[in-house]
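Trainee: Mind looking over this structure? Questions follow.
Number of protein chains: 2
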Amino acid sequence: MSFTNMLPVSDVVACCAPLTREAMTAEHADDLARSLRAIADPARLRLISIVAASANQEACVCDLIEPIGLSQPTVSHHLKILTDAGFLSRSKRGTWAFYRLVPGALDSVARLLVTA
Amino acid sequence: MSFTNMLPVSDVVACCAPLTREAMTAEHADDLARSLRAIADPARLRLISIVAASANQEACVCDLIEPIGLSQPTVSHHLKILTDAGFLSRSKRGTWAFYRLVPGALDSVARLLVTA
DNA sequence: AATGAATATTGAGGAGCATCAATGTCAGTA
DNA sequence: TACTGACATTGATGCTCCTCAATATTCATT
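Residue numbers (the numbering used here), protein chains in the order written: chain A, 1 to 116; chain B, 117 to 232.
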C-alpha cells in the first residue's frame, strides 16, 4: 500500500452525502476506498479492537504484539497505517509508544456507508 | 482476492458487538475484513453508488460500463465480488443482468464500525 | 560513554488483486 | 440453424500489500 497522498478520515468525510444518496465522484470514491482499505485487514481490525477495549482506551505496542501474534515490525507497520489514515493517534512516553482511538473517526466512515 | 470461503455480510454481522466494545476474535476479524475489502475499492464504491442512485434502485451492466470507465469484463468482475460479498443481488431478465442493493447490507457493516 | 529495552525503518520474498484481451455462454431473432 | 447482443469466465500481466529478518533510532540507566 502506498501511503503517499494518505489523508486522514476526518478530511475524507468532512462533507458529502452518504454512499447511496447520489452517484459519487471518482475522487470521493478514491478517498473513501483509501480509508476503508486501512481497516480492511484482520490484524488492523483486531488492533483497533484491542486498543478500544484497553484500560484508558490506550495501549502500548508491547501490549499488542502478543495478542496479535505477529512480529513487532509488522505490528508497528499496521499501527502506522492506522495512524496515517487517522483512526489511531500516537503519543510517546519514555521508550513506550501509546496508541489510542481518534474519537469519531470510525463513526465518520460508518456514517458514509449507512443507507439513507 | 480468493472468494472461496466468501460469506455474505448478513452472516458476518448476524451477531457480535461492535468493533470497539470488546476485543474481537481472529475469526470475526477475518470475516469483517473480507466484507470491508469488498467495498474498499473505488470502482466498487462507485458501482454501489450508481446502482443505489438509479431509478428503481437497480441497474443493468450496460448502464454501468460507461460511467465507471472500465472494460466490460472488469465491471462484471467487480459486480461479482460485490454480489458474492452480499452487497448486491443479481436478477437476469432476457439477456440483461440487473443489479440492486441488498437492503441493510451496508448498514450492517456500518453498525459494526460505530463507536459505542 | 556504554549498555539495554522499546519501537521504527529498510529491504526482500511471496501472495493477492485490478485490469484487459480473448473467449465462452446464453437468450433472442432472422 | 445461424447470427447478434449482453454478460461471464479464463489467462496473463503488472502492481499492491502482508510479513519477516536485519538494522536503525531513541530513550533511560548504569
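Glycine is no exception: its CB is placed at the ideal position from the N, C-alpha and C atoms. Bear in mind that the values here come from a model prediction, so they are computed numbers and not experimental data.
1) From arginine 111 of chain A to leucine 19 of chain A, what distance separates their C-alpha atoms?
2) Taking only beta-carbon positions, decide if threonine 199 of chain B is within less than 8 Å of chain A.
3) Is it true that the stretch 78-90 of chain A meets the stretch 39-58 of chain A, where meeting means three or more beta-carbon pairs spaced less than 8 Å apart?
4) Report the start-end ranges of each beta strand (DSSP E) in the stretch 148-212 of chain B that is 3 residues or longer and not cut off at the edges.
5) From the DSSP secondary-structure annotation, give me the bridge partner or partners of leucine 217 of chain B.
6) Quick one: is serine 35 of chain A buried, meaning 16 or more other Cβ sit within 10 Å of its Cβ, or exposed?
7) How would you call serine 118 of chain B, buried or exposed, if buried means at least 16 neighbouring beta carbons within 10 angstroms?
8) Within 10 angstroms of its Cβ, does arginine 46 of chain A collect 16 or more other Cβ (buried), or is it exposed?
9) Report the CB separation of histidine 78 of chain A from arginine 44 of chain A in whole angstroms; it is logged as a contact under 8 Å.
10) Using a Cβ cut-off of 7 Å, pull out every chain A residue sitting near glutamate 182 of chain B, in sequence order please.
11) Shorter than 8 Å from the beta carbon of arginine 209 of chain B to some beta carbon of chain A?
12) Going by beta-carbon coordinates alone, are alanine 33 of chain A and proline 158 of chain B separated by less than 8 Å?
13) With a cut-off of 8 Å on the beta carbons, I'd call valine 61 of chain A and isoleucine 68 of chain A a contact; round off their distance for me.
14) Helix or strand or just coil, what does DSSP make of proline 134 of chain B?
15) Which residue's Cα is closest to the Cα of alanine 213 of chain B: B:Lys196, B:Val225, B:Arg137 and B:Asp146?
16) Give a yes or no on whether the minimum CB-CB distance between valine 225 of chain B and chain A is below 8 Å.
17) State yes or no: is the C-beta of leucine 222 of chain B within less than 8 Å of the C-beta of leucine 113 of chain A?
18) Does the ligand ZN have a heavy atom nearer than 7 Å to the CB of serine 71 of chain A?
Mentor: With the structure as the only source:
1) 9 Å
2) no
3) yes
4) 174-176 and 204-209
5) Within the DSSP bridge table, the entry for leucine 217 of chain B names B:Leu204 as partners.
6) It is buried - the Cβ of serine 35 of chain A has at least 16 other Cβ atoms within 10 Å.
7) Per-residue confidence for serine 118 of chain B stands at a pLDDT of 42, beneath the threshold of 50, marking its modelled position as unreliable; no derived number is given.
8) buried
9) Contact flag correct, Cβ pair sits at about 5 Å.
10) Neighbours of glutamate 182 of chain B on chain A: none; closest Cβ ~12 Å, over 7 Å.
11) no
12) Contact: yes.
13) Incorrect: roughly 10 Å between the Cβ atoms, too far for contact.
14) Coil, per DSSP.
15) B:Lys196
16) yes
17) yes
18) Looking at this structure, you won't find the ligand ZN or any other ligand, since it has none at all.
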